[in-house]
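Enquirer: Just add 1 to wherever you are in the sequence shown, counting from 1, and you've got this note's numbering.
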Amino acid sequence: LPELPDVKQARIIDEYSLSEDLATQLVKRQEADMFEAVLADVDVDATPVASLLAYDLREIKREGHDINVLTLNHFKGIFTLLSEGKIAKDSVRKLAIETIKAPDTEISEIAEKNNLTMLSEDDVAEIIAGIVQNNESMVKERQMGAMGPLMGMCMKELKGKADGGMVNKIVREEIQKLI
């Protein structure tokens, strides 16, 4: 017997720590099996997988893209890149759209071609150091109070190509060098 929707939803909430809304949408849109198949092979946070399948795909379809082109292997490829830190969570939706346009191309190649890959920590540190040095007077004046404005400048410059936690750590280190 197939699992009843309510039972499946409760199990998904419990097993994957998803919100009730996200689990409901996955089951309702019949994406729960795809969700579990991706997570069976890719060690990644369940929430972005569920969000893409439950919400983003519907929007992508409304925008006129044929979401039926996307296969389990496409989703595994996208979320493998996310789990390896090669793309940001913010790039998942865009990568899915670009994959629909070129379904026979390697996911990593699509990510590279569309400039969706993350920068290395060294590259990020170099960019942040430049921004902090260009704003040295603000840092001297505000000390750690410069953190917020500098984070904003750095995130704007990096355009989602670096993890926010990493950026925060590096900005903090750069400020501390100056105070």
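From the three backbone atoms N, C-alpha and C, an ideal C-beta is built for every residue, glycine too.
1. In whole angstroms, what separates the C-alpha of M152 from that of E158?
2. Return the first residue and the last residue of the alpha helix (DSSP H) that Y17 is part of.
3. Cα separation between C155 and R143?
4. To the nearest angstrom, how far is the alpha carbon of D164 from that of V50?
5. Given the structure, does I132 come close to the ligand NAP, in the sense that its CB is under 6 Å from one of the ligand's heavy atoms?
6. Are three or more beta carbon pairs between the region 21 to 29 and the region 51 to 64 nearer than 8 Å?
7. Would you tell me roughly how many angstroms separate the C-alpha atoms of P150 and K90, rounded to the nearest one?
8. For I88, list the residues DSSP reports as bridge partners.
Expert: Well, looking at it:
1. Sequence index remark: in the sequence shown, residue 152 carries index 151 (1-based). Sequence index remark: in the sequence shown, residue 158 carries index 157 (1-based). For M152 and E158, the distance between alpha carbons rounds to 10 Å.
2. Reading the sequence shown from its first residue, position 16 is the one you call residue 17. P6 to Y17 is the span of the alpha helix (DSSP H), which, as asked, contains Y17.
3. The residue you call residue 155 lines up with position 154 of the sequence shown. The residue you call residue 143 lines up with position 142 of the sequence shown. C-alpha separation (whole angstroms): 17 Å.
4. Position 163 of the sequence shown holds residue 164. Position 49 of the sequence shown holds residue 50. Spanning the two alpha carbons is a distance of roughly 18 Å.
5. Among the components of this structure there are no ligands whatsoever, and the ligand NAP is therefore not found.
6. These segments touch.
7. For the purposes of this step, residue 150 is taken as the residue at position 149 of the sequence shown. For the purposes of this step, residue 90 is taken as the residue at position 89 of the sequence shown. Cα to Cα, the separation comes out at about 23 Å.
8. As a position in the sequence shown, residue 88 is number 87, starting the count at 1. Answer is T118, bridged to I88.
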